[in-house]
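Letter 110 of the sequence shown, counting from 1, is numbered 110 in UniProt numbering, and no numbers are missing.
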Amino acid sequence: MKLSYRTIKHLILWTPTITIGLWEYLRHTVLLPYVSMDLGNLLAPVIVFLVTVTLLRKLFAKLEATQEELQRERMLKAALEEREQLARELHDGISQSLFLLSVKLDKLDRTDCSEAAREVSAGIRETIRRVYDDVRQSIANLRTLPAPGDFSWMASVEALGGEVTDAGIRFECEGRLPDRLLTSKEKVELLAIVREAVLNARKHANARTIRVAMEPSEGGGFRCEIADDGVGLGESDLKAFDRYGIRMMRSRAEEMGWRLEIRSAPGGGTTVTVEKEDRAARDDSPRTRLAFHERRKGGSRA
Numbered sequence: 001m002k003l004s005y006r007t008i009k010h011l012i013l014w015t016p017t018i019t020i021g022l023w024e025y026l027r028h029t030v031l032l033p034y035v036s037m038d039l040g041n042l043l044a045p046v047i048v049f050l051v052t053v054t055l056l057r058k059l060f061a062k063l064e065a066t067q068e069e070l071q072r073e074r075m076l077k078a079a080l081e082e083r084e085q086l087a088r089e090l091h092d093g094i095s096q097s098l099f100l101l102s103v104k105l106d107k108l109d110r111t112d113c114s115e116a117a118r119e120v121s122a123g124i125r126e127t128i129r130r131v132y133d134d135v136r137q138s139i140a141n142l143r144t145l146p147a148p149g150d151f152s153w154m155a156s157v158e159a160l161g162g163e164v165t166d167a168g169i170r171f172e173c174e175g176r177l178p179d180r181l182l183t184s185k186e187k188v189e190l191l192a193i194v195r196e197a198v199l200n201a202r203k204h205a206n207a208r209t210i211r212v213a214m215e216p217s218e219g220g221g222f223r224c225e226i227a228d229d230g231v232g233l234g235e236s237d238l239k240a241f242d243r244y245g246i247r248m249m250r251s252r253a254e255e256m257g258w259r260l261e262i263r264s265a266p267g268g269g270t271t272v273t274v275e276k277e278d279r280a281a282r283d284d285s286p287r288t289r290l291a292f293h294e295r296r297k298g299g300s301r302a
């Protein structure tokens, strides 16, 4: 039976008082011929102590667990409200502005202008269309990505695979990452990277098959690979400034301290690899060893 926060507080407050009352009642009505007054006074604090270390400890543990659950619910609600507000601002601001620009370009095309101006107008319209699609996808991601709470990682990947399959693309999932391996934030960030890589393959690469392979490592790390058989990208395209999806994936991976590698070639598909090194590897990495030696030098100078 799950107790409410108020009930647990009342039990903590009233349990010692009720314990003393019951003890005094039993002592005077039943135990008085067998227990002397001095012995009864000595046993009273002992009984309260025993009740405290048994029942009250469990109640305090339940109280802490209830407080943590309430805190998680407040954080979840705040995250959902923040996402909904951001999605609304994107829809009411950028989306409507892009639509207005498209309408003005249509008016421009109906005016007498040179062929070169029409070509520039067509290029601007295509750019607006792509940005509009990206904004719409960002809004959808904000409303579908899990909030920073406990959720099933594999269920989220399977749901993403269902979206891809519905679009007529073959989706393959190999291996699995147990939920206990990832923190709530790691689940959200890794799922965002996987979703972005899958959507890029679906929207821009004309891929027929998308494969997501994942495996844990012994030291608490993992490796996740998203591969497609699409048209691929050249080296210059991977580094282009307007590749916002790639920049977003790199930024998320860098923030989490993960290694992200993108391998692609025209006509050869694209492979995105996200890897979190295990603790032993991180502790023995060149950067870690250099930082250790710097600390030792600092300590020697001091």
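Glycine included, every Cβ here is placed at the ideal spot set by N, Cα and C. Note that this is a predicted model, so its numbers are computed, not measured.
Those residues which DSSP pairs with residue i across a bridge
| i | result |
| --- | --- |
| Ala213 | Glu174, Glu225 |
| Thr17 | Its beta-bridge partners do not exist; DSSP assigns none. |
| Arg259 | Glu275 |
Straight-line Cα distance separating residue j from residue i
| i | j | result |
| --- | --- | --- |
| Val53 | Trp14 | 15 Å |
| Ile128 | Tyr5 | 53 Å |
| Leu11 | Val48 | 14 Å |
| Leu63 | Leu55 | 12 Å |
| Val51 | Thr17 | 11 Å |
| Ala78 | Gly162 | 28 Å |
| Asp229 | Thr111 | 44 Å |
| Glu255 | Thr19 | 54 Å |
| Ala265 | Phe99 | 34 Å |
| Ala207 | Gly175 | 21 Å |
| Gly245 | Gln71 | 33 Å |
| Gly257 | Ser121 | 43 Å |
| Arg27 | Glu69 | 42 Å |
| Glu235 | Glu189 | 25 Å |
| Ser114 | Val198 | 41 Å |
| Gly40 | Gln67 | 38 Å |
| Leu233 | Thr270 | 7 Å |
| Val272 | Glu261 | 6 Å |
| Ala65 | Pro45 | 28 Å |
| Met154 | Asp179 | 8 Å |
| Glu24 | Leu181 | 53 Å |
Check: residue i C-beta below 7 Å from any heavy atom of the ligand FAD
| i | result |
| --- | --- |
| Arg118 | In terms of ligand content, the structure shown is empty, and the ligand FAD therefore cannot be addressed. |
Collapsed DSSP secondary structure at residue i in the structure displayed
| i | result |
| --- | --- |
| Ser264 | strand |
| Thr270 | strand |
| Tyr244 | helix |
| Leu32 | coil |
| Ala302 | Low local confidence applies: a pLDDT of 37 at Ala302 is under 50, so the model's placement there is unreliable, with the coordinate-based value given in what follows. Three-state DSSP puts Ala302 in coil, outside helix and strand. |
| Arg195 | helix |
| Val231 | coil |
| Thr183 | coil |
| Leu3 | coil |
| Arg125 | helix |
| Ser156 | helix |
| Asp150 | For Asp150, the predicted model reports a pLDDT of 49, less than 50, meaning its position is unreliable; a value from the coordinates is still stated below. Coil, per DSSP. |
| Thr165 | helix |
| Ser114 | coil |
| His10 | helix |
| Arg208 | coil |
| Gly81 | One detail in the question is off: residue 81 reads as Glu in this sequence, not Gly. Glu81: helix per DSSP, three-state reduction. |
| Glu218 | coil |
| Thr288 | Since pLDDT at Thr288 reaches only 44, below the 50 mark, its modelled position is unreliable, and no value is offered. |
Min CB distance residue i to chain C below 8 Å
| i | result |
| --- | --- |
| Val131 | Here there is only one protein chain, and chain C is not present. |
Cβ-Cβ separation, residue j to residue i (assumed contact under 8 Å), whole Å
| i | j | result |
| --- | --- | --- |
| Ile94 | Val135 | 5 Å |
| Lys276 | Gly221 | 4 Å |
| Val157 | Val212 | 6 Å |
| Arg118 | Asp109 | 7 Å |
| Pro216 | Leu177 | 6 Å |
| Arg125 | Ser102 | 6 Å |
| Glu196 | Met249 | 5 Å |
| Arg202 | Val231 | Not quite, the Cβ-Cβ distance comes to about 12 Å (not below 8 Å), so this is no contact. |
Would you mind listing the alpha helix (DSSP H) stretches within the segment 26–78 that are 4+ residues and don't spill past its ends, in chain order?
37–51
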